[in-house]
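Below you'll find the structure, written out as structure tokens, and then a few comments.
What follows is the structure, given as structure tokens:
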């Protein structure tokens with residue numbers, strides 16, 4: 001599963017322009033199209049089941065979209081690999097806290113997970129589902145060494161997207177889906193063919209990660225890709241009013257929205273920028289615990305002691 005050449009081969013032509021246009025306000029005179037729909041390049045809708053992996057599902061959907069659109073490859077990217085590395089990236093080194101999610105309460109630390117998932121993919125890459133399957137028994141377990149070896153060949157260019165309608169529409173107009181965190185009812189879209197209204201009282205289900213894949217100025221709705229199966233909403237998608245994504249009661253405001261602009265081969269990434277986990281003393285059968293012990297050694301290397309096993313990183317800044 002090589003990075004889609006059409007994505008990074010256009011770097012010189014498009015990447016700088018994309019980044020420039022995503023500095024807001026938008027370039028003077030640039031007019032957004034009245035409608036964008038990226039669903040034709042999306043892969044099949046997944047059902048995350050009882051695992052709190054909505055962020056990983058949304059990120060995997062964005063990556064699979066890039067492959068399908070630019071290289072015509074239908075790939076199946078490991079969601080649990082992305083999920084685990086998001087947890088590694090979620091460690092707060094400065095405050096001696098960790099943000100590993102409790103499997104019984106997967107939404108309690110959502111606000112940091114979108115950024116952590118994107119950062120985890122940038123740092124550790126991503127691999128095929130065949131190397132680390134979406135299996136309940138593998139949830140929150142250290143992925144296999146072969147999965148890391150394969151994933152290390154790839155990285156991404158992430159984009160931090162401001163929480164406003166123009167920002168999201170600008171990304172979509174440049175063929176970039178947007179990762180968002182919202183509070184959404186599980187029932188309304190199911191019964192209304194995917195159409196969701198802004199509720200008077202926020203849903204009680206908590207925050208949930210989705211992928212924005214289109215918009216329509218005529219109806220003033222965003223098109224949202226979900227991970228609750230193809231039977232939910234409109235074949236796994238729903239339609240949210242523009243104002244839904246800027247309603248502070250319904251959106252995770254602790255962090256910006258995020259997007260993946262490009263997939264890169266690792267060789268194009270600046271040397272020394274990435275660090276890799278050392279799992280040589282961490283056994284596969286151990287599940288990642290919710291609590292850990294933090295310490296540093298004399299060489300300013302940071303480590304976490306996990307169930308009496310040592311998981312360490314080198315040169316973390």
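Residue numbers (UniProt numbering): 1 to 317. Just so it is clear, CB atoms sit at the ideal spot from N, CA and C, and this is done for glycine as well. Since we're looking at a predicted model, the values are computed, not measured.
In the structure shown, residue 38 adopts coil according to DSSP, grouped into three states.
Residue 88 carries a helical assignment under DSSP once its states are collapsed to helix, strand and coil. With a threshold of 16 other beta carbon atoms within 10 Å, residue 187 falls short and is exposed. Boundaries of the alpha helix (DSSP H) around residue 189: 188-191. A contact between stretches requires three or more CB pairs, one per stretch, nearer than 8 angstroms, and the stretch 210-226 meets this requirement with the stretch 169-178. If you look at residue 66, you'll find it in the alpha helix (DSSP H) that goes 54-71. Contact check for residue 128 and residue 78: beta-carbon distance about 6 angstroms, within the 8 angstroms limit, so the pair qualifies.
In the displayed model, residue 239 falls within a strand according to three-state DSSP. By alpha-carbon distance to residue 196, the top candidate from 265, 229 and 243 is 243. Here residue 198 is not near residue 259, since their CB atoms are 8 angstroms or more apart. Between the stretch 217-237 and the stretch 52-66, the count of Cβ pairs shorter than 8 angstroms is three or higher; the stretches touch.
Collapsing the DSSP output to three states places residue 120 in a helix. Taking 8 angstroms as the cut-off, the Cβ atoms of residue 53 and residue 83 count as close.
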